[in-house]
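Residue numbers (the working numbering), protein chains in the order written: chain A, 224 to 544; chain B, 224 to 544. Don't be surprised by glycine CBs; every beta carbon is placed ideally from N, CA and C. Predicted, not measured: the structure shown is a model, and the values here were computed from it. Written below as structure tokens is the structure these notes are about.
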């Protein structure tokens, strides 16, 4: 939940006058996303989201994110379409913030996905990968292998206060990943943050993928690994093989994995678990006093790492032979 | 802004299954209201607000508030309509809270109303008073004359820390109000909290009156006085006579004030200013540490009281002869 920036009527009117989206009938701050300020906007032309980018999104990255969403939406992917203003640009400013208007997508983020949801998610992920293939821009993944040692450096001294032995476990895992990290995998646009809150469903169909603000250029199979981590573990920490099977089968029905990708899947799962463990650990150790947002538990991903270290091949994630 | 209670998908589905409002397409917590938790709800049948009542609304008062909104909406007033569930009741429970679904109203709350807005507001207020006349229930005003001395008792000892002389000024004003408070004025349902955030406009037309959770049975002209206080002062504390004229003319075009009401208007303005000064003062002196919501300034209403003490008759508020 977050509405960080209040927009006055005058500012909103001035901003909307630069668009061709009809007369505003209603707007309300919505409690969604922790990075940005979002307003639900109802006009005579339809429903939209007005997003004001707060400090955590780098303004220099916005042309990539917005261009990508327009590219994907135009390819028919269910993702928000940034609306161009009368100058033909999606990006404007309101209340001192970079701001966009995107189309509103119906659908509900499921907190406890079923195998059916996982299957649909797998298919949508593969569609995203295919639809992004001819997108012209690229953006390196700022939170991949090279970032992990520096990230860990911010937390290493205090890591054992979170869990005994965490520092040593992480050092060893980072050394392993440094050696074993795969190269030359099929690469393109990945979402890189496709957690359950970023996927809308109507019934068991995916109606929307949102929040492209970690999207970047990296191995497709790394995105699959992120989703296995985010969608296929139960709350007690166990891996649900049925959900893994559904997710991978859903993905492969649209874009079959190569032999190299299949072989790399266990190490990619370890790497993506490491990425979320580390960013959560740094956040956990740096909660400002009086913070509203409860940090996410880094140990959830430490436990997932433990699971992945015992996986020998992709079949243990549910990949059909 | 406030989303106090998180509703799980399962709870929401279970709750909505008791209504006949179609399939849910989307729901989002909205940052609106400081008393309750509100979700914007989009279904195959339309748009709604799901409200969960938090502790500050007394559950025993809900049948009055909900019955009143249904009565007013059925009379054609632009106010939210609480939707009955399949048992024919508007009130249910979700996530342990009393909860209702009300129809969504388009419109925008103006932060700086013009005289045109004030005129439309006056008309809408009079329509509310007329539409409420045959509503069968009543509810005494718990924040009128008899409540002010006890309220002041909670703040008296510290009042001068907020502004020098405030305690003495307030004691004298309370003594005056006790003597001068009018009796026998035309009485009925009043909104009692019709500040600018509770009135939606599309253009300069009123499209909705919301937030009936202070509604009660009291003098109609007291509601007019509340609105003069809330709508016709400028941010620098000056009274805008043009706005007062517009508000009173708008009201009288629908429901002319009686001679007795006109005579009482200055003392009613003093009383309603006292009511908001006192509740704000108590809140101001009792801000919990780490509170999110900035309390409203009691001195704004102390200054309005000062203005009203120098008013001799209703013409000084803009009443046309």
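In terms of beta-carbon proximity, residue 327 of chain A lines the interface with chain B, with at least one pair separated by less than 9 Å. Taking all protein chains shown into account, residue 500 of chain A has 16 or more neighbouring C-beta atoms within 10 Å of its C-beta and is therefore buried.
Taking a contact as a CB-CB distance under 8 Å, the pair residue 505 of chain B and residue 328 of chain B does not count as one, their CB atoms being some 31 Å apart.
Annotated three-state conformation of residue 385 of chain A is helix, per DSSP.
For residue 531 of chain A, the uninterrupted alpha helix (DSSP H) segment begins and ends at 521 to 532.
Approximately 6 Å separates the beta-carbon atoms of residue 389 of chain A and residue 383 of chain A; this is inside 8 Å, confirming the contact.
Inter-segment contact for the stretch 434 to 449 of chain B and the stretch 408 to 420 of chain B is present: three or more beta-carbon pairs are separated by less than 8 Å. For residue 420 of chain B, the closest of B:249, B:233, B:254, B:240 by C-alpha to C-alpha distance is B:254.
When rounded, the separation of the alpha-carbon atoms in residue 266 of chain A and residue 237 of chain A is 15 Å. Within 7 Å of the CB of residue 249 of chain A, the CB atoms of chain B belong to 329, 330, 331, in sequence order along the chain.
For residue 485 of chain A, no chain B residue has a C-beta closer than 8 Å to its own C-beta; the minimum C-beta separation is roughly 33 Å. Taking 9 Å as the CB threshold, residue 425 of chain B lines the interface with chain A. Exclusion of the five residues before and after residue 427 of chain B leaves 339, 340, 343 as the residues of its chain whose Cβ lies within less than 7 Å of its Cβ.
In the three-state reduction of the DSSP assignment, residue 355 of chain A falls in the coil class.
Secondary structure of residue 450 of chain A (DSSP, three-state): helix. The C-beta distance from residue 517 of chain B to residue 456 of chain B rounds to 20 Å, too long to meet the 8 Å contact threshold. Restricting attention to B:520, B:485, B:523, B:502, the CA atom closest to the CA of residue 539 of chain B is found in B:485.
In this structure residue 303 of chain B touches residue 272 of chain B by the C-beta definition: roughly 7 Å separates them, less than 8 Å. What residue 263 of chain A touches in chain B, judged by beta-carbon distance under 9 Å, is 251, 253, 263, going in chain order. Beta-carbon to beta-carbon, residue 362 of chain B and residue 439 of chain B are separated by about 5 Å, close enough to satisfy the 8 Å threshold.
Using a CB distance below 8 Å, no part of the stretch 471 to 501 of chain A faces chain B.
A residue is called buried once 16 or more other Cβ atoms fall within 10 Å of its Cβ, and residue 396 of chain A is buried on that count. When beta bridges are read from the DSSP output, residue 363 of chain B appears opposite B:440.
With a threshold of 16 other beta carbon atoms within 10 Å, residue 529 of chain A falls short and is exposed.
Within 7 Å of the CB of residue 367 of chain A, no CB atom of chain B is found; the nearest one sits about 32 Å away. Ranked by Cα distance from residue 314 of chain A, the options A:292, A:249, A:331, A:489 are led by A:292.
Membership of residue 317 of chain B in the beta strand (DSSP E) is indicated by the continuous run 315 to 317.
The beta-carbon of residue 246 of chain A is placed less than 9 Å from the nearest beta-carbon of chain B.
Contact check for residue 467 of chain A against residue 480 of chain A fails: the beta carbons are separated by 9 Å or more.
Under the 10 Å beta carbon count, residue 346 of chain A is surrounded by 16 or more other beta carbons and is classified as buried. At a beta-carbon threshold of 8 Å, the residues of chain A lying near residue 232 of chain B are 331, 333, 334, 335, ordered along the chain. Here DSSP, grouped into helix, strand and coil, assigns residue 394 of chain A to helix. Per DSSP, residue 508 of chain B is one residue of the alpha helix (DSSP H) stretching across 482 to 508.
The beta carbons of residue 305 of chain A and residue 333 of chain A sit about 25 Å from each other, so the pair does not count as a contact at 8 Å.
With contacts defined by Cβ atoms closer than 9 Å, residue 493 of chain B and residue 532 of chain B form a contacting pair. In this structure, A:435 is the residue among A:380, A:497, A:232, A:435 with its C-alpha nearest to the C-alpha of residue 300 of chain A.
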